[in-house]
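>
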Amino acid sequence: MKIQDVKVFVASPGRNFVTLKIITEEGLYGLGDATVNGRELAVAAYLKDHVAPCLIGKDAHNIEDIWQYLYRGVYWRKGPINMAAIGAVDMALWDLKGKAAGLPVYQLLGGRSRKGVTLYAHAQGATIEETLGAAQVWIDKGFKAVRLQCAIPGLEGTYGVKTKEQKDYFAMQSKRYLPPEEPWSTAKYLNFIPDLFKAARERFGDSVELLHDVHHRLTPIEAARLGKALEPYHLFFLEDAVAAENQESCAVIRQHTTTPLAIGEIYNTIWDCKGMIENQSIDYIRVAATHAGGISGVRRIADYAGLFHVRTAFHGPPDISPIGHAAHMHLGLWVPNFGIQEFVRFGTEVSDRVFSYPMRVEDGMALLEDKPGLGVDFNEDEADLHPYKRSYLPVSRLEDGTLWNW
Ligand code: GCO
Ligand code: MG
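In numbering that gives the first Met the number 0, the protein residues as written are 0 to 405.
#1: With DSSP as the reference, label T18 as helix, strand or coil.
#2: Near F235, which residues of its chain fall below 8 angstroms by C-beta distance, leaving aside the five closest residues on each side in sequence?
#3: Does the Cβ-Cβ distance between A301 and V343 come in under 7 angstroms?
#4: Mind checking who I262 pairs with in its DSSP beta bridge?
#5: Which residues in the same chain as K114 place their Cβ atom closer than 8 angstroms to its Cβ, once the five residues preceding and following it in sequence are excluded?
#6: Assign Y158 to one of two classes, buried (16 or more other C-beta atoms within 10 Å of its C-beta) or exposed (fewer than that).
#7: Just to confirm my understanding: we take A382, look at its own chain, exclude 5 residues before and 5 after, and list those with CB closer than 6 angstroms. What are they?
#8: Check the DSSP bridge columns for A10 and list the partner residues they point to.
#9: Measuring from the CB of D212, is there a heavy atom of the ligand GCO at a distance below 6 angstroms?
#10: Can you list, in chain order, the residues of its chain whose CB lies under 6 angstroms from that of V213, leaving out five sequence neighbours each side?
#11: Okay, do the segment 33-47 and the segment 306-324 touch, 3+ Cβ pairs below 8 angstroms being the bar?
#12: Quick check: is any heavy atom of the ligand GCO less than 6 angstroms from the C-beta of D318?
#13: Using a beta-carbon distance below 7 angstroms, is P12 in contact with chain D?
#14: Hey, quick one: how far does the beta strand (DSSP E) through R359 stretch, first residue to last?
#15: Ordered along the chain, which non-local residues of its own chain (more than five positions away) have a Cβ less than 6 angstroms from that of E59?
#16: Around the Cβ of P46, are there at least 16 other Cβ atoms within 10 angstroms (buried) or fewer (exposed)?
#17: Okay, do the segment 65-73 and the segment 288-308 touch, 3+ Cβ pairs below 8 angstroms being the bar?
#18: Can we count N15 as close to the ligand GCO, meaning its CB is less than 6 angstroms from some heavy atom?
#19: Of the residues V17, H49, G101 and R111, which one's Cα is nearest the Cα of H329?
#20: With a threshold of 6 angstroms, establish whether the CB of N407 neighbours any heavy atom of the ligand GCO.
#21: Tell me whether the beta-carbon of P179 lies closer than 7 angstroms to the beta-carbon of P393.
#22: I need the DSSP call for V35, collapsed to helix, strand or coil.
#23: How long is the line joining the alpha carbons of I85 and P231, rounded to whole angstroms?
#24: Which residue wins for smallest C-alpha separation from I192, given the options G204, G226 and E181?
#25: Taking buried to mean at least 16 other C-beta atoms within 10 Å of its own C-beta, is I220 buried or exposed?
#26: Considering Cα atoms alone, identify which of H233, T218 and G13 is closest to E244.
#27: Hey, quick one: how far does the beta strand (DSSP E) through L306 stretch, first residue to last?
#28: Taking the alpha-carbon of Q246 as reference, which of T256, L229 and I265 has the nearest alpha-carbon?
#29: Check each candidate in K388, Q135, A83 and L373 and name the one with the smallest Cα separation from Y28.
#30: Counting C-beta neighbours from all protein chains within 10 Å, is the total for T18 16 or more, i.e. buried, or is it exposed?
#31: Hey, quick one: how far does the beta strand (DSSP E) through I181 stretch, first residue to last?
#32: Under 6 angstroms Cβ to Cβ from A43, same chain only, skipping five residues before and after it: list those, please.
Pasting the structure below:
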């Protein structure tokens, strides 16, 4: 199954997505997602200029050898751009192997361990009432787990909560398409969030799992205070309570609270999370196939995590393409230590014209059609209608102007 051609597409059907297509001499093709939000063109150039020439003529069946070639073989290991490129190649090769075998990827991984992939949805609002109303909508649809994010009184613009203008992603960018800025106050946040979860338990009782994303804003001891304050409301997990670089930070939080901890959406390799997994200082690992070396990279992390009671919660934001989401669905059907899967949506009306995908949601669970490979298709002509638009994630500043973690 020799690789004949490699194509890279950057299209913006609502969000920017980087899509890789690997074509074999037999005329089969595999698709991969290489989207790095806000830095899309860097990974597209890396794939086109540095990776594609090395792939031509290689046997697409040799997934592991190609992974090692692009990891060990480049000398410069790790890094978000390199690992997203490897991730896309790896996904495309698994897609191809599945198509060649006539089997869905989860069958190649070891088969089905469960009937579907349990999802958590996002609920957000300008007030507690509005947030709980948004959660109710998901609960009524049959979802068993919901992430709650609420605007913090006195702060203009809070992570996870969209103002009216932000509903259109590109409208939230300034006119010159530079990063929007949001203020942050740890004190205001810490004084408010326990009230949100108290109200949620009063309204929903124990009938639903509740989650929350701190989005890297706290120090370990502040996170410990929050974890303790939230214990009565028994969260499914508290996500990214601290900035993720220092693997010892979660161990500090752990000494103080039984609130389960999740982290890892910005990690690229097993080396980024090895220490905190071994120390059992986290409960859920949130790596994404798109950003952590594809299905092969994430499978290695998930297997290792399983030895230490750490379960999976792969990152599922709207800035991962339907190809990346499909990779998570196949991994989630197979992985023995499955925890939960983040679900915002698989697509929009516009992106559905570019990507078709083999999933449907029933009672808060994603069910996969048994198509060969990953099961996603990509319409190149439709993609051409939606050219790349520069966009950035916001940045945070403390109220005195100091740059903070967004
Ligand atoms: C999540 C994430 C996202 C990220 C985004 C960055 O938990 O879904 O935190 O909302 O902010 O993916 O590109
Ligand atoms: Mg997150």
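In this text, a Cβ means the ideal position worked out from N, Cα and C, and glycines have one as well. Since the model is a prediction, treat every value here as computed from it, not as a measurement.
Considering the structure as presented:
#1: Three-state result, T18: strand.
#2: Shown here for F235: same chain residues with a beta carbon closer than 8 angstroms to its own, the five before and five after excluded, namely Y119, A144, E208, L209, L210, P259 and I339 in chain order.
#3: The answer is no: Cβ separation not under 7 angstroms.
#4: Per DSSP, I284.
#5: Cβ within range, chain order: M364 and L366.
#6: So Y158 counts as buried.
#7: Excluding positions up to five away in sequence, the list reads F8, A10 and V353.
#8: Answer is F16 and P386.
#9: Under cutoff, so the answer is yes.
#10: The residues are D239 and A240.
#11: The segment 33-47, when compared against the segment 306-324, does touch it at the 8 angstroms Cβ threshold.
#12: D318 Cβ: within cutoff of the ligand GCO.
#13: Among the chains of the structure shown, chain D does not appear; only one protein chain is present.
#14: Element bounds for R359: M358 to E361.
#15: The residue you asked about is not Glu; residue 59 is Ala in the sequence shown. By the criterion of a C-beta distance shorter than 6 angstroms, A59 is surrounded in its chain by M0, I2, T23, L92 and L95, once the five residues flanking it on both sides are discounted.
#16: As written in the sequence, residue 46 is Leu, which differs from the Pro given in the question. The Cβ neighbour count for L46, taken over all protein chains shown within 10 Å, is at least 16; the residue is labelled buried.
#17: Yes, since at least three Cβ pairs between the segment 65-73 and the segment 288-308 fall closer than 8 angstroms, the two stretches touch.
#18: For N15, the Cβ stays outside the 6 angstroms cut-off from all heavy atoms of the ligand GCO.
#19: Checking every option, the nearest Cα to that of H329 belongs to R111.
#20: Given that the chain is displayed from residue 0 to residue 405, the structure contains no residue 407 and the question cannot be resolved.
#21: Contact flag set, yes.
#22: Correct three-state label for V35: coil.
#23: Computed Cα separation, rounded: 42 angstroms.
#24: The residue with the shortest Cα to Cα distance from I192 is G226.
#25: Classification for I220: exposed.
#26: Measuring C-alpha to C-alpha distances from E244 to each of H233, T218 and G13 identifies T218 as the nearest.
#27: Per DSSP, L306 lies in no beta strand (DSSP E) segment and is marked neither H nor E.
#28: Considering only alpha carbons, the answer is I265.
#29: The candidate whose alpha carbon is nearest that of Y28 is L373.
#30: Looking at its Cβ environment, which holds 16 or more other Cβ atoms inside 10 Å, T18 is buried.
#31: Per the sequence presented here, residue 181 reads as Glu, with Ile not at that position. E180 to W183 is the span of the beta strand (DSSP E), which, as asked, contains E181.
#32: The residues are V7, V9 and V17.
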